[in-house]
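Single-structure report; data block below.
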Amino acid sequence: MRVLVTGGAGFIGSHVVTALRKRGHEAIVFDVREDPAADVRDPAAVGRALAGVDAVCHQAAKVGLGDGVADAADYVSHNDLGTAVLLAAMAEAGVRTLVLAGSMVVYGEGRYGCARHGVVRPGPRAVADLDAGRFEPACPLCGQDLSPGLVREDAPADPRNVYATTKLAQEHLAAAWARCTGGSAVSLRYHNVYGPGMPRDTPYAGVASFFRSALARGQAPRVFEDGRQRRDFVHVRDVAAANAVALEAGAAPGALTAYNAGSGDPHTVGEMARTLAVAYGGPEPVVTGEYRLGDVRHITADSSRLRAELGWKPEVGFEEGVREFARAGMRGE
Ligand SMILES: NC(=O)c1ccc[n+]([C@@H]2O[C@H](COP(=O)([O-])OP(=O)(O)OC[C@H]3O[C@@H](n4cnc5c(N)ncnc54)[C@H](O)[C@@H]3O)[C@@H](O)[C@H]2O)c1
Ligand SMILES: [Zn+2]
Numbered sequence: 623m624r625v626l627v628t629g630g631a632g633f634i635g636s637h638v639v640t641a642l643r644k645r646g647h648e649a650i651v652f653d654v655r656e657d658p659a660a661d662v663r664d665p666a667a668v669g670r671a672l673a674g675v676d677a678v679c680h681q682a683a684k685v686g687l688g689d690g691v692a693d694a695a696d697y698v699s700h701n702d703l704g705t706a707v708l709l710a711a712m713a714e715a716g717v718r719t720l721v722l723a724g725s726m727v728v729y730g731e732g733r734y735g736c737a738r739h740g741v742v743r744p745g746p747r748a749v750a751d752l753d754a755g756r757f758e759p760a761c762p763l764c765g766q767d768l769s770p771g772l773v774r775e776d777a778p779a780d781p782r783n784v785y786a787t788t789k790l791a792q793e794h795l796a797a798a799w800a801r802c803t804g805g806s807a808v809s810l811r812y813h814n815v816y817g818p819g820m821p822r823d824t825p826y827a828g829v830a831s832f833f834r835s836a837l838a839r840g841q842a843p844r845v846f847e848d849g850r851q852r853r854d855f856v857h858v859r860d861v862a863a864a865n866a867v868a869l870e871a872g873a874a875p876g877a878l879t880a881y882n883a884g885s886g887d888p889h890t891v892g893e894m895a896r897t898l899a900v901a902y903g904g905p906e907p908v909v910t911g912e913y914r915l916g917d918v919r920h921i922t923a924d925s926s927r928l929r930a931e932l933g934w935k936p937e938v939g940f941e942e943g944v945r946e947f948a949r950a951g952m953r954g955e
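Heads up, our numbering is the position in the sequence shown plus 622, with the first residue counted as 1.
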């Protein structure tokens, strides 16, 4: 298969390129980082790149939490305008297979259960609660403590920040494209991806990158909130493999199929910091109680659909992956 990998020079995209080539496919990188003319928002450039292509693996995006709303237009431009231009060019070129880098951020807060009310959906946390160190969202009906559970693909969308909104819009655009063209679209909703080549800390980086970058400076990783927020850390090679199997399998035509792509082995952010610090041989993490508005408390995936339908399974365990990440290089080091 000849696959155009947008964002193919990025953290995840470069691992996707490697995985595809290992499996005997041809991967073409289309990334503005590598070539200033390779911008997904440029219809002519995308049109040229699609010549002879069987499928598109769309990783290109502006990532991270950014700075609130000041850079909203830039997120919408790269992520949504970029996706729209790409899809229109695919329709024109007759390319009918798309795998999209989705994200668990479309869910907002994860799934929670109240002892009295069953499954509930807490809203965004109030600043007053966060300032007072009350990090756990409470039951919206009775105010009682909740227990976090695993989010399935049919959970309602609830994007909580600009980036999340653009990731959700990408899926809606891809679904519209699939309906109009009879194409098949898969969104792999990645959870917290980490591993070799992860970009160093910027306002756009993931939490594992902050910790790893602090250790590289000889500093203690700073853990926000109380460190007990739960995430599903999934290794970048496993995510790359999920892209390859999704491209090979194809999906139902005329629709978008979404899959959670997580390890299925949730850990707390504090555990990530400690495991990484031990593996690096650096200072112990400090739990600071700071918070970022727009962060969610717990978000962990039920990725059984991806396993059952596409036969994918994660190969890199948490301890092993974090040990490797402690030694591996990061982008920008
Ligand atoms: N890293 C994670 O934990 C995570 C989690 C969920 C989803 N994702 C998604 O995975 C994808 C890849 O993210 P990443 O972590 O590898 O980030 P990254 O920044 O390393 O890679 C993104 C790449 O896209 C390229 N790009 C951005 N705008 C472009 C444009 N207009 N035209 C062409 N190329 C453009 C960038 O140059 C970059 O190389 C993104 O779609 C992101 O939303 C990542
Ligand atoms: Zn309740």
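Beta carbons: idealized from backbone N, C-alpha and C, even for Gly.
Please read all numbers here as calculations on a predicted model, not as lab measurements.
V691 to V784, Cα distance in whole Å?
Using only the alpha carbons, I get a separation of about 7 Å.
To the nearest angstrom, how far is it from the Cα of L776 to the Cα of G840?
Reading off the sequence shown, one finds Asp at residue 776, where the question assumed Leu. Distance between the alpha carbons of D776 and G840 is about 43 Å.
Given this structure, state the Cα-to-Cα distance separating G745 from P762, to the nearest angstrom.
Computed Cα separation, rounded: 8 Å.
Count Cβ pairs between the stretch 750-758 and the stretch 710-725 that sit closer than 8 Å; are there 3 or more?
With the cut-off at 8 Å, the stretch 750-758 and the stretch 710-725 do not touch.
Return yes when at least one heavy atom of ligand 1 lies under 6 Å from the C-beta of S809, else no.
In this structure, the C-beta of S809 stays at least 6 Å away from each heavy atom of ligand 1.
Which residue's Cα is closest to the Cα of S926: F832, L810, E870, R844?
L810
Taking Cβ to Cβ, would you say G872 is nearer than 7 Å to T705?
no
Taking C-alpha atoms, which residue in H739, L672, V698 lies nearest to L708?
L672
Along the chain, where does the alpha helix (DSSP H) that runs through F947 open and close?
940-949
Scan the stretch 672-725 and note each continuous beta strand (DSSP E) run of 3 residues or more that stays entirely inside, going in chain order.
677-680, 719-725
Please report the distance separating the alpha-carbon of A948 from that of E937.
18 Å
I think G732 touches V918, with their Cβ atoms under 8 Å apart; what is that distance to the nearest whole Å?
7 Å
Does ligand 2 have even one heavy atom less than 6 Å from the beta-carbon of R738?
yes
Between I634 and ligand 1, is the CB less than 6 Å from at least one heavy atom?
Checking the Cβ of I634 against ligand 1 gives yes.
Considering only heavy atoms of ligand 2, does any lie closer than 6 Å to the CB of L763?
yes
Is any heavy atom in ligand 1 found nearer than 6 Å to the beta carbon of R853?
Proximity of the beta carbon of R853 to ligand 1 is not indicated: no heavy atom of the ligand is located closer than 6 Å.
How far does the beta strand (DSSP E) with I650 in it reach, from first residue to last?
Here the beta strand (DSSP E) through I650 covers 648-652.
Among V625, A641, E648, which one has its Cα closest to the Cα of V858?
That would be A641, whose Cα lies nearest to the Cα of V858.
Taking G669 as the reference, which of A713, R747, A899 has the closest Cα?
A713
Tell me, to the nearest whole angstrom, how far the beta carbon of G730 is from that of D780; I am working on the premise that it is less than 8 Å.
3 Å
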